[in-house]
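Enquirer:
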Amino acid sequence: MPGLGTSFGRGGATTAQQDLANADCILIEGSSMAEAHPVGFRWVMKAKERGVTIIHVDPRFSRTSALADIWVPIRAGGDIAFLGALVRHVIENNLFFRDYVVHFTNASCILREDFRDTEEG
851 MPGLGTSFGR GGATTAQQDL ANADCILIEG SSMAEAHPVG FRWVMKAKER GVTIIHVDPR
911 FSRTSALADI WVPIRAGGDI AFLGALVRHV IENNLFFRDY VVHFTNASCI LREDFRDTEE
971 G
């Protein structure tokens, strides 16, 4: 997690690993968590035992991909486009908790009716 080290002084998880056991769906992107973080990955496996869908987004097939329900083999460098498409899908289909986003995140600006991307004209 080189970006975390640069941004925060050390690389590490930004969530409580135990929350993974209570998730409805787990998206792992750009990490072979099963190999690099085996202790944390046990929470993913506990969730999988409950029937949670595990999605692994990574150009290379790894142990994490093999254990995931869905492997998304995006091209290297395609992460931003993939995440942008995911955000767009969630917003356009109203698949988020508006009250939470507006009051507790910095993403509320993209929910405004007058918000337009610079390329949308």
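Take 851 as the starting number for the sequence shown in our numbering and just add one per residue.
Beta carbons: idealized from backbone N, C-alpha and C, even for Gly.
Source: prediction; values computed, not measured.
For R914, which residues from the same chain have a beta carbon less than 8 Å from its beta carbon, with the 5 sequence-adjacent residues on both sides left out?
Expert: In the sequence as displayed, the identity of residue 914 is Thr instead of Arg. Within the same chain, T914 has close Cβ partners I878, S881, S882, M883, A884, E885, F891, H906, D908.
Enquirer: Mind reading off the beta-carbon distance from L917 to A897? Whole number of angstroms is fine, and I expect it under 8 Å.
Expert: L917 to A897, Cβ: 11 Å. No contact.
Enquirer: Are the beta-carbon atoms belonging to V902 and I876 less than 8 Å from one another?
Expert: The answer is yes: Cβ separation under 8 Å.
Enquirer: Does the Cβ-Cβ distance between I904 and V889 come in under 8 Å?
Expert: No, Cβ-Cβ distance for I904 and V889 is not below 8 Å.
Enquirer: How should M953 be labelled, buried or exposed, when 16 other C-beta atoms within 10 angstroms of its C-beta is the threshold for buried?
Expert: Reading the sequence as shown, one finds His at residue 953 and not Met. Counting Cβ neighbours within 10 Å, H953 comes out exposed, since fewer than 16 surround it.
Enquirer: Since I believe I924 is in contact with F932 (beta carbons under 8 Å), could you give me their beta-carbon distance rounded to a whole number of angstroms?
Expert: That pair is a contact at about 5 Å.
Enquirer: What residues in its chain sit with their C-beta under 8 Å from that of A957, if we drop five residues either side in the sequence?
Expert: Closer than 8 Å at the Cβ level, and outside the excluded window around A957, lie V951.
Enquirer: Indicate the three-state DSSP secondary structure (helix, strand or coil) for V922 in the structure shown.
Expert: DSSP places V922 in strand when its eight states are reduced to three.
Enquirer: Which residues in the same chain have their Cβ closer than 7 Å to the Cβ of Q867, if we skip the five residues on either side of it in sequence?
Expert: The residues are G890, W893.
Enquirer: How would you label H887, buried or exposed, when you count the other beta carbons within 10 angstroms and need 16 or more for buried?
Expert: So H887 ends up on the buried side.
Enquirer: Between the beta-carbon of V940 and the beta-carbon of F946, is there less than 8 Å?
Expert: Yes. Within cutoff.
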